[in-house]
Amino acid sequence: MEVRVANVRKEFDRFPALHDVSLDIKSGELIALLGPSGSGKTTLLRLIAGLERPTRGKIFFGDEDASHKSIQERNVGFVFQHYALFRHMTVADNIGFGLKVRHGPSRPPAQEIRRRASELLDLVQLSGLEKRYPAQLSGGQRQRVALARAMAIEPKVLLLDEPFGALDAQVRRELRRWLREIHDATGHTTVFVTHDQEEALELADRVVVMSQGRIEQVGTADDIYDTPNSPFVYGFIGESSSLPVKVENGEIWLADRPIGIAAPNEPSGDATLYFRPHDVELLDGCSGCIAGTVAASRRVAGTRRVELEIGGERQRVEIELPVDHPAAQKSRVAFRPGRWKLFPAA
Amino acid sequence: MTTAPAQAGWRFRQPSVIPGFGLTLGFSLAYLTLIILIPLSGLLWRSAALGWPEFWAIATDRRTINALRISFGTAFVAAAVNVVFGTLVAWVLVRYRFPGRRIVDAMVDLPFALPTAVAGIALTTLYAPNGWIGKLLMPLGIKVAYTPLGIVIALIFIGLPFVVRTVQPIMEEIDKEVEEAAATLGANRFQIITRILFPGLAPAIVTGFALAFARGVGEYGSVIFIAGNLPYKSEIAPLLIVIRLEEYNYPAATAIAAIMLALSFIMLLVVNLAQSWSRKRYG
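Going down the list, the sequences are from chains A and B. No gaps in the numbering here: position 66 of the first sequence is 61 in the numbering used here, and each next residue is one more. No gaps in the numbering here: position 69 of the second sequence is 232 in the numbering used here, and each next residue is one more.
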């Protein structure tokens, strides 16, 4: 089922949580809403579910306007960060709940509900745990039950709110891979919220980066990482370093010296230069480069992170060097960013 | 939520970082013995002074049986009424924000604090045939004061805080997300209450019922004013005990007391067993 969010605004007590957000989600897509806390990602998810009503704007499921449908009518599967399982029910009863509360002919017979529950338990790899109570399961197992419960009603859309947020790192990675497999097997349109960029980039077909109630950028992991379209996205996704520079005559200047990068299409004036610390070219001499004194140097896994102080303003930037690179020993390092991007100074 | 299932078997001593297990356990046992165990065993011992046939004669006396039936019956009805309305009061206090909520919240405790005789006199004044409420009920043929109905009303008053105060904290803990989960699965408001909320609250409601019931069985002060105290009709067991005491008939008084004690103990034990069973199951 396609989902279309059209110019939605949401206020809580006059305080805007979402400003004019629009988003198209394709059928069968796995989409991540990524952003820091307070960016509105959970609010957007809850609006799609019907757990909140938009102040303005509309939400379409397919061609149908779902904005004024109740939660019950929307037929969405929702998975909560803290599982929200019914603790007085067995695992099988939890999964079958959505079918049991149906009325009339749409309610399958009890035996069919049981069969579906154990089928879903197989799918989430918890076969044989039908009779357990949620209190007797581990966190990872509970979240699998919660997912099975959400899928039991054959939802139009599957919505997950920080589904792995309460789990420890290893279980998280495992469930991440497993969610991708389930998604590929069942083909549900799936939207999940996360503040973990690794999770979003690894798992999702497309990532929606949000900040302060707005969508900053929507794209594949490659789009988001390689061509961020705003300083926020550049800074939020992956590592980044930035320097205040000036553009003049199609050249980038740092203080009073050109850094050897041509920028023919950029407008003149003050700007901020963004680049990735690992994507730099080290230079020996310096005629057209960025040079600075080493202020700090740390070993980070397979590389060495070097912090440089640059120019009279002592701007600090970070670059990454191979562990055994001789430049790490020197007191002065000169480099030029490989891939970079300029944003006009705010 | 994350507690592991209880370990099988008993262990005398739980490892703990806080010292003083022996001291605190010893004090608790000595204290309970002094306050509860010795007086109650004295009671049993006194009634044991009666021979079995005499005890049986007192126990099966029609006046005794009626008094016990009235005491336990009215306490049961009052506790049942309190379960419904006390839960409702707790719901309103937990779920809604309205001006004066704190005052209503504090008012719930008044029956705890008020001398029970004052409550009894106030209720009697209201419900007597010439009282404000009694006057309105009279034409409908409903007589409240000086009947078992009056006893029920006094016991409802006395028992309300027990239900509210046991249900309220559990209700506050209910996770909003659980209700939302049920709603996304298609459950309507009514199904959410009956299938999700109520089962979660049931243990607290049962406890509240047990407390209100136990309090009602033993209540004396407020009841004797409104009950009219007609033997066989509206005479409660605690009053009968007092009457026997005033007649210097100590064996009879202790015999009735022992019967009340046994009945109350059995009921509370059953409630407690039900509690621990449900706790073990749902964690």
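Note that CB positions come from ideal geometry on N, CA and C, so glycine has one too.
If you drop the 5 nearest sequence neighbours on each side, which residues of the same chain put their C-beta closer than 7 Å to that of Asn245(B)?
Here Asn245(B) has Ile319, Gly322, Leu323, Val326, Ala375 as same chain residues with Cβ atoms under 7 Å from its own Cβ, once five neighbours each way along the sequence are excluded.
Which residues in the same chain have their Cβ closer than 7 Å to the Cβ of Ile284(B), if we skip the five residues on either side of it in sequence?
Phe388
Which of helix, strand or coil DSSP assigns to Ile219(A):
Residue state, collapsed to three classes: helix.
So, does the region 239 to 246 of chain A touch the region 218 to 225 of chain A, judging by three or more C-beta pairs under 8 Å?
no
To the nearest angstrom, how far is it from the Cα of Phe235(B) to the Cα of Ile429(B)?
Rounded to whole angstroms, Phe235(B) to Ile429(B) spans 13 Å at the Cα level.
Roughly how many whole angstroms lie between the Cα atoms of Arg41(A) and Thr287(B)?
54 Å
Tell me the start and end of each unbroken alpha helix (DSSP H) in the region 183 to 243 of chain B that is at least 4 residues and wholly inside, in chain order.
184 to 195, 201 to 211, 215 to 222
Take every Cβ of the region 333 to 342 of chain B, pair it with every Cβ of the region 398 to 417 of chain B, and state whether three or more of those distances are shorter than 8 Å.
no
My guess is that Lys151(A) and Val71(A) are in contact by the Cβ rule of under 8 Å, so how many angstroms apart are they, rounded?
6 Å
Proximity winner among Thr347(B), Leu360(B), Val315(B), Gly313(B), relative to Met334(B) (alpha-carbon distances):
Leu360(B)
I'd like to know whether the C-beta atoms of Gly171(A) and Tyr128(A) end up nearer to each other than 8 Å.
A small fix is needed here, since residue 171(A) is Arg in this sequence, not Gly. Taking 8 Å as the Cβ cut-off, Arg171(A) and Tyr128(A) do not qualify as a contacting pair.
Please state whether the Cβ-Cβ distance between Thr347(B) and Ile43(A) is less than 8 Å.
The criterion of a C-beta distance shorter than 8 Å is not satisfied by Thr347(B) and Ile43(A).
Just reading off the alpha helix (DSSP H) that His178(A) is part of, what are its end residues?
His178(A): member of the alpha helix (DSSP H) spanning 164 to 181, first to last residue.
Are the beta-carbon atoms of Met146(A) and Gly57(A) separated by less than 8 Å?
no
Consult DSSP for Thr166(B) and reduce its assignment to one of helix, strand or coil.
With a pLDDT of only 45 at Thr166(B), under the threshold of 50, the placement of this residue in the model should not be trusted; the figure read from the coordinates follows. Coil at Thr166(B), not helix or strand.
Would you mind working out which of Gln192(A), Pro317(A), Pro339(A) sits nearest Glu261(A), comparing C-alpha positions?
Pro339(A)
Given that a residue counts as buried once 16 or more other Cβ atoms are within 10 Å of its Cβ, and exposed if not, what is Ile247(A)?
buried
Mind listing which residues of the region 338 to 350 of chain B have their C-beta closer than 8 Å to chain A's C-betas, in chain order?
Asp338, Glu340, Val341, Glu343, Ala344, Ala345, Ala346, Thr347, Leu348, Gly349, Ala350
Quick check on the burial criterion: 16 or more other C-beta atoms within 10 angstroms. Buried or exposed for Thr222(A)?
So Thr222(A) ends up on the exposed side.
Suppose the cutoff is 6 Å on Cβ atoms and the five residues either side in sequence are ignored; what does the same chain contact list for Ser30(A) look like?
In the sequence under discussion, the amino acid at residue 30(A) is Gly, which differs from the Ser named in the question. Only Lys36, Met205, Ser206 meet the Cβ criterion.
With a 10 Å radius around its C-beta and 16 neighbouring C-beta atoms as the bar for buried, classify Asp88(A) as buried or exposed.
buried
Could you give the distance in angstroms between the alpha-carbon of Leu426(B) and the alpha-carbon of Ala345(B)?
Cα to Cα, the separation comes out at about 41 Å.
For the region 45 to 53 of chain A against the region -1 to 10 of chain A, do three or more pairs of beta-carbon atoms, one drawn from each stretch, fall closer than 8 Å, so that the two count as touching?
Segments in contact, yes.
Give the DSSP bridge partners of Gly72(A), in chain order.
Answer is Leu153(A).
Buried or exposed (CB count within 10 angstroms, at least 16 for buried), Asp265(A):
exposed
Proximal residues to Ala1(A) (C-beta, below 8 Å), its chain only, five neighbours per side dropped
Closer than 8 Å at Cβ, skipping near neighbours: Ser17, Gly52, Lys53, Ile54, Phe55.
Could you name each continuous alpha helix (DSSP H) segment of 4 residues or more that falls completely within the region 82 to 168 of chain A, going from the start of the chain to the end?
86 to 95, 105 to 118, 134 to 147
Please look up how many angstroms separate the CB atoms of Asp274(A) and Arg334(A), rounded, as I've assumed it's under 8 Å.
5 Å
Kindly indicate which residue of Val(-2)(A), Ala12(A), Arg(-1)(A), Leu25(A) has the alpha-carbon position closest to the one of Glu194(A).
Leu25(A)
Applying a beta-carbon distance threshold of less than 7 Å, which residues of chain A neighbour Ile359(B)?
Phe81
Strictly under 8 Å for the Cβ-Cβ distance: is Arg66(A) near chain B by that measure?
According to the sequence displayed, residue 66(A) carries Ile and not Arg. Answer yes: the Cβ-Cβ gap between Ile66(A) and chain B drops below 8 Å somewhere.
Who are the neighbours of Ala44(A) on chain B, taking C-beta pairs under 8 Å?
Thr347
I'd like to confirm the pairing. Which residues does DSSP put opposite Tyr269(A) in its beta bridges?
Ser237(A), Lys336(A)
Per DSSP, what kind of secondary structure is Lys21(A) in: helix, strand or coil?
Here Lys21(A) sits in coil by DSSP.
If you count every other CB in all the chains shown that lies within 10 Å of the CB of Tyr269(A), and 16 or more means buried, which is it?
buried
Of all Cβ atoms in chain A, is any one closer than 8 Å to the Cβ of Pro362(B)?
Chain A contact via Cβ: present.
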